[in-house]
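Before any comments, here is the structure.
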Amino acid sequence: MYFRRIENLSGVLPAFEPTAFTRRTFLKLTTLAGTGLTLGAVLPACSSGGSSSGTSGAGAEPLVTPFVRIAPDNTVTVIVKHLEAGQGVWTGLAAVVAEELDAAWSQIRAENAPAQVPQYGNLAFDPKGSVQGTGGSTAMSNSWDQLRQAGATARAMLVAAAAEQWNVPAAEIQVQDGVLSHASGKRATFGELASAAARQPVPTNVTLKDPSQFTLIGRDKLPRLDSHAKSTGRQQFAIDVMLPGMMTAVVARPPRFGGKVQSFDATAAKAVPGVVDVVQIPRGVAVVARDTWSARKGRDALKVTWDESTAEQRGTPELMAEYKRLARQSDALTALKRGDVAAGFRRAAKVIEAEFGLPYLAHAPMEPLTAVCRLDADRCEIWAGAQFHTVDQANAAQAVGLKPEQVSIHTVAAGGTFGRRATPDSDYISEVASIAKATGGKYPVRLIWTREDDITGGRYRPLSYHRIRAALSRDGKVIAYEQRLVGQSLIAGTPFEAMMMKDGIDPAAVEGNAAEQYDIPNALVTWTNPKVGVPVLWWRSVGHTHTAFSKEIVIDELAEAAGKDPVEFRLAMLEHHPRLAGVLKLAAEKAEWGKLPGSGNGRGRGVAVQESFGSAVAQVVDVTVKDDRVTVDRVVCAVDCGIAVTPDVVRAQMESGIGYGLAAALHGKITLTEGRVDQTNFHQYEVLRIHEMPRHIEVHIAPSTNPPTGVGEPGTPPIAPAVANAIRAAATGIKVRKLPFDLAEARKA
14 MYFRRIENLS GVLPAFEPTA FTRRTFLKLT TLAGTGLTLG AVLPACSSGG
64 SSSGTSGAGA EPLVTPFVRI APDNTVTVIV KHLEAGQGVW TGLAAVVAEE
114 LDAAWSQIRA ENAPAQVPQY GNLAFDPKGS VQGTGGSTAM SNSWDQLRQA
164 GATARAMLVA AAAEQWNVPA AEIQVQDGVL SHASGKRATF GELASAAARQ
214 PVPTNVTLKD PSQFTLIGRD KLPRLDSHAK STGRQQFAID VMLPGMMTAV
264 VARPPRFGGK VQSFDATAAK AVPGVVDVVQ IPRGVAVVAR DTWSARKGRD
314 ALKVTWDEST AEQRGTPELM AEYKRLARQS DALTALKRGD VAAGFRRAAK
364 VIEAEFGLPY LAHAPMEPLT AVCRLDADRC EIWAGAQFHT VDQANAAQAV
414 GLKPEQVSIH TVAAGGTFGR RATPDSDYIS EVASIAKATG GKYPVRLIWT
464 REDDITGGRY RPLSYHRIRA ALSRDGKVIA YEQRLVGQSL IAGTPFEAMM
514 MKDGIDPAAV EGNAAEQYDI PNALVTWTNP KVGVPVLWWR SVGHTHTAFS
564 KEIVIDELAE AAGKDPVEFR LAMLEHHPRL AGVLKLAAEK AEWGKLPGSG
614 NGRGRGVAVQ ESFGSAVAQV VDVTVKDDRV TVDRVVCAVD CGIAVTPDVV
664 RAQMESGIGY GLAAALHGKI TLTEGRVDQT NFHQYEVLRI HEMPRHIEVH
714 IAPSTNPPTG VGEPGTPPIA PAVANAIRAA ATGIKVRKLP FDLAEARKA
């Protein structure tokens, strides 16, 4: 998912007033001077006291802040404001707090934060915290300072409580593994001091650890906090939520994007045993039943007449033909201009030209979209794997006619998302709220999107077309680069357009191009936003997923035309991109670049680099090509993501990104025929099978003392171009310019 910093969202989203926190009451809120951290401490209702040793007696109260709760039973719960969708934020963010708190990892727990701003706002989206959400690989980077401050502040309050009770200087108290101690022999656990610590003044300035003192941050094999629940089936997802009297709903949606309900006949649907209601909502017709099977059978029996007068009715071939035409027009918007491109081409010794076509892609998370809604006259509750809390809250409120502060979102874990749950219109959450409203709030409603619903009627990575020309000088240097992109905007027409688009340019449509990532003296990048009715959405690594593909293939072909080694050719253009140069050198070294045994005869090696979401990633790939089939044998990946808070999670995310990107390279495509999506499920929209995953993946993390940057998405962009470059190097000469790979077609081109 893509976001750049938004300085002011007033007028874009409704004003949000802080609501009462679920299961806790904030009685005092203090803003730490100079840090921007809002810290709250729950004060006990009555003084419970405590012995001189720090042992709390009956009626002990917890120490609670917006991000930390220390209970008398000695558990430390980290309140996580970001969605856990498998990317490891419960573990990574909890580790930051535990480190500054000097807690034992065994006492750490994680809990989802309520939907509430500014306390839980994403500071990468907006420094004022006006939007709570997960995306753009920002969970760790925007929480780093905030959670370090939270952990250090809670630690200082515990130390102050112990110093007061033991009548010793605070500076003499040691904290290790959740235990405070003094040379006099006095000892107390966090739980024993929690009640007294809650009474301490909130410090306005705390000292953070030097990275050299870290014991949890950077530690390998730190157990993930969600592993046990997921492996035992105890992890709660939205589909697991069961409320008394709850009904299940599915929705009949238009078969073509932009269609609307003209009329419907619910007679046959209502005759299906188990069906209790059939109601029209803004997005279609909902069938509500006592169970999922009955709801689906009722939908099958439903008769709907669709008004498709304004629906998109073009197929993929027609759209791509239109894109190619648009790429040759002169009225495109200029996204980047540097130097004199025309003069550069006039001096060219060689010119490379290439066209690239990339298809629509579905997100296809393993858990299809699900949400539960319980609606009362003045209250709406939502249970969902919410990725975009503030926007979801506002859209649900609008759907049911309430104020945003009257909507509570209970965030549960999500079985993957890749951006799919971060929709500006909150599609599935708006739908479940609309169904609850249409049925009069008589019962809680669980909405289920089937796999077919999501693949045929979801939101996609945009179809895109790139036309590139690049010029080499006589000494083999890139002296001119021109790229013309055509692809739908992700932001135009959404509430974020005014804040995120500049001079008509959607930054997510052009990010990561060669002119941004290499030192090229003369460059021009243009973009055209076609008018297409297919709904699009940020897909894992967003614009980088298509710009990296075209960029790294062209760079490789330029290296070949210049007669230079692909790694050395790239390094010569990365003087002003030291992080990219660093990971490229690291990956090449670990892969023993230039020493591929048995190269040629179907074996090849390729390389690609990309900087996205603040992190630099390089990948060296070994492939075998036989009978136009590609097997990826080995991937060596190097990543610079600043401080690797949880290295195991970083490696897992790189591996995940490689697998996700490889699935798109080998199989992924959504196609349309006369406006209807051709694919319906995994038998047609294929994902990577286990035997297709490279047998050997090595992930090397570049040492760094810089603040953490993103890891959820940056592993995806380099894999497809690295494989394409390896295919060309595998004594085939095949130039892959389209995704997914079709070597037989590429051989003919």
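Residues are numbered in the numbering used here as their position in the sequence shown, beginning at 1, plus a constant of 13. For glycine and all other residues, C-beta sits at the position ideal for the given N, C-alpha and C. For clarity, every value in this text was computed on a predicted model and none was experimentally measured.
Burial state of Arg459, where buried means 16 or more other Cβ atoms lie within 10 Å = The residue labelled residue 459 in the question sits at position 446 within the sequence shown. In summary, Arg459 is buried, with 16 or more beta-carbon neighbours lying within 10 Å of its beta-carbon over all protein chains present.
Three-way DSSP call (helix, strand, coil) for Met259 in this model = In the sequence shown, the residue the question calls residue 259 occupies position 246. In this structure, Met259 counts as coil in the three-state DSSP scheme.
Please determine, among Val263, Ala600, His402, the residue with the shortest C-alpha to C-alpha distance to His315.
-> As a working note, residue 315 is residue 302 in the sequence shown. With the sequence shown as reference, residue 315 is identified as Leu, and His is not the correct amino acid for it. The alpha carbon of Leu315 has as its nearest neighbour, out of Val263, Ala600, His402, the alpha carbon of Val263.
How long is the line joining the alpha carbons of Pro591 and Glu602, rounded to whole angstroms?
-> Sequence index remark: in the sequence shown, residue 591 carries index 578 (1-based). Sequence index remark: in the sequence shown, residue 602 carries index 589 (1-based). For Pro591 and Glu602, the distance between alpha carbons rounds to 16 Å.
Would Ile395 be called buried (16 or more neighbouring beta carbons within 10 Å of its own) or exposed?
-> Position 382 of the sequence shown, counted from the start, is the residue given in the question as residue 395. It counts as buried.
Of all the options Gly655, Val181, Met259, Thr305, which has the alpha carbon lying nearest to the alpha carbon of Arg200?
-> On the sequence shown, position 187 is the one that residue 200 refers to. Ranked by how close their Cα comes to the Cα of Arg200, the residues Gly655, Val181, Met259, Thr305 have Val181 in first place.
Within the chosen definition, does the region 726-745 reach the region 614-629 through at least 3 CB pairs nearer than 8 Å?
-> By the Cβ test, the region 726-745 is in contact with the region 614-629, since at least three Cβ pairs between them sit closer than 8 Å.
Can you tell me whether DSSP reads Thr32 as helix, strand or coil?
-> Here residue 32 refers to the residue found at position 19 of the sequence shown. Any reading at Thr32 must be qualified, since the residue scores a pLDDT of 35, below 50, and its modelled position is unreliable; no value is offered.
Beta-carbon contacts of Thr323 that lie in its chain and below 7 Å, excluding the five residues immediately before and after | By 1-based counting over the sequence shown, the position of residue 323 is 310. Correct list, in chain order: Gly271.
Exposed or buried, what is Asp278 when buried is set at 16 or more other beta-carbons lying within 10 Å of its beta-carbon?
-> For the purposes of this step, residue 278 is identified with residue 265 of the sequence shown, where counting begins at 1. Counting C-beta atoms within 10 angstroms of its own C-beta, Asp278 has fewer than 16 neighbours from the protein chains shown and is therefore classed as exposed.
Keeping to the same chain, check which residues put their C-beta closer than 7 Å to that of Val317; ignore five residues upstream and five downstream.
-> What you label residue 317 is simply residue 304 of the sequence shown in a count that begins at 1. Closer than 7 Å at Cβ, skipping near neighbours: Ala265, Val274, Phe277, Val298.
What are the boundary residues of the alpha helix (DSSP H) that Ile186 is part of?
-> In the sequence shown, residue 186 corresponds to position 173, counting from 1. Per DSSP, Ile186 belongs to no alpha helix (DSSP H) and is neither H nor E.
Around the C-beta of Thr403, are 16 or more other C-beta atoms found within 10 angstroms, so that it is buried, or is it exposed?
-> On the sequence shown, position 390 is the one that residue 403 refers to. Within a 10 Å sphere around the beta-carbon of Thr403 sit 16 or more other beta-carbons, which makes this residue buried.
Report yes if the C-beta distance between Ile442 and Ala377 is below 9 Å; otherwise report no.
-> Counting from one through the sequence shown, the residue named residue 442 turns up at place 429. Counting from one through the sequence shown, the residue named residue 377 turns up at place 364. In this structure, Ile442 sits away from Ala377, with a CB-CB distance that is not shorter than 9 Å.
Relative to the alpha-carbon of Gly688, which residue among Arg269, Leu235, Val643 has its alpha-carbon at the smallest distance?
-> Reading the sequence shown from its first residue, position 675 is the one you call residue 688. For the options Arg269, Leu235, Val643, the alpha carbon positioned closest to that of Gly688 is the one of Arg269.
Contacts around Gly766, its chain only, beta-carbon distance under 6 Å, and the 5 residues preceding and following it disregarded | Coverage of the chain is limited to positions 14 through 762, which leaves residue 766 absent and any answer about it impossible.
Distance, Cα to Cα, Thr718 vs Met333?
-> Numbered from its first residue, the sequence shown carries residue 718 at position 705. Numbered from its first residue, the sequence shown carries residue 333 at position 320. Roughly 46 Å between the two C-alpha positions.
Below 7 Å CB to CB, which residues in the same chain sit around Asp438 once its five sequence neighbours on both sides are set aside?
-> As a first step, residue 438 must be located in the sequence shown, where it is residue number 425. Asn408, listed in sequence order.
Note the first and the last residue of the continuous alpha helix (DSSP H) segment covering Gln159.
-> In the sequence shown, counting from the first residue as 1, residue 159 sits at position 146. Segment 152-179, the alpha helix (DSSP H) holding Gln159.
Mind pulling the beta strand (DSSP E) runs of 3 or more residues that sit fully within the region 253-306?
-> You should have 260-265, 273-278, 288-294, 297-302.
Phe358 lies in the alpha helix (DSSP H); which residues open and close that run?
-> As a first step, residue 358 must be located in the sequence shown, where it is residue number 345. Its alpha helix (DSSP H) spans residues 354-359.
Assign Asn535 to one of two classes, buried (16 or more other C-beta atoms within 10 Å of its C-beta) or exposed (fewer than that).
-> Stepping through the sequence shown from its first residue, residue 535 is reached at position 522. Per the 10 Å Cβ criterion, buried.
How many Å lie between Trp319 and Gly470 at the Cα?
-> Mapped onto the sequence shown, residue 319 falls at position 306. Mapped onto the sequence shown, residue 470 falls at position 457. Near 15 Å, if we compare the C-alpha coordinates of Gly470 and Trp319.
What residue does the beta strand (DSSP E) around Val538 start on, and which one ends it?
-> By one-based count along the sequence shown, residue 538 stands at place 525. Counting along the chain, the unbroken beta strand (DSSP E) around Val538 starts and ends at 536-541.
Opposing strand residues paired with Ser194 [DSSP bridges] | What you label residue 194 is simply residue 181 of the sequence shown in a count that begins at 1. Paired residues: Gln187, Arg200.
How many Å lie between Ala715 and His709 at the Cα?
-> The count along the sequence shown starts at 1 and reaches residue 715 at position 702. The count along the sequence shown starts at 1 and reaches residue 709 at position 696. Taken atom to atom, the span from the alpha-carbon of Ala715 to that of His709 is near 19 Å.
Determine the direct distance from the alpha carbon of Thr383 to that of Asp253, and round the result to whole angstroms.
-> Here residue 253 refers to the residue found at position 240 of the sequence shown. Here residue 383 refers to the residue found at position 370 of the sequence shown. If I take the Cα positions, the gap works out to 10 Å.
With 16 other CB atoms within 10 Å as the buried threshold, where does Phe401 fall?
-> Position 388 of the sequence shown holds residue 401. With 16 or more other Cβ atoms inside 10 Å of its own Cβ, Phe401 counts as buried.
Pick helix, strand or coil for Asn87, following the three-state DSSP scheme.
-> In the sequence shown, residue 87 corresponds to position 74, counting from 1. Three-state result, Asn87: coil.
For the beta strand (DSSP E) that contains Glu124, what are its first and last residues?
-> Along the sequence shown, one-based indexing puts residue 124 at 111. Per DSSP, Glu124 is one residue of the beta strand (DSSP E) stretching across 121-125.
Note down, one range per segment and in chain order, each beta strand (DSSP E) of at least 3 residues found wholly within the region 312-394.
-> Counting only runs of 3+ residues, the beta strand (DSSP E) found wholly inside the region 312-394 occupies 316-320, 346-351, 363-371, 383-388, in chain order.
Per DSSP, which residues does Phe250 bridge with? Please list them.
-> Sequence index remark: in the sequence shown, residue 250 carries index 237 (1-based). DSSP, once it has assigned bridges, lists Ala426 as partnering Phe250.
Tell me, please, whether the region 165-177 touches the region 210-220 by the rule of three or more beta-carbon pairs shorter than 8 Å.
-> Cβ pair count under 8 Å is three or more, so yes.
How do the region 570-583 and the region 537-545 stand: do at least 3 beta-carbon pairs fall below 8 Å, yes or no?
-> Taking 8 Å as the limit for Cβ pairs, the verdict is that the region 537-545 does not touch the region 570-583.
Leaving aside the five residues before and after Ala176 along the sequence, list all residues of the same chain whose C-beta is less than 7 Å from its C-beta, in chain order.
-> One-based indexing of the sequence shown puts residue 176 at position 163. Result list for Ala176: Pro182, Ala183, Ile186, in chain order.
Contacts around Met14, its chain only, beta-carbon distance under 6 Å, and the 5 residues preceding and following it disregarded | Here residue 14 corresponds to residue number 1 of the sequence shown, with the count starting at 1. Annotation note: pLDDT 49 at Met14 (below 50); position unreliable, coordinate value reported separately. The residues Gly148, Gly149, Gly432, Ala435, Trp551, in chain order, have a CB closer than 6 Å to that of Met14 in the same chain once the five nearest residues on each side in sequence are set aside.
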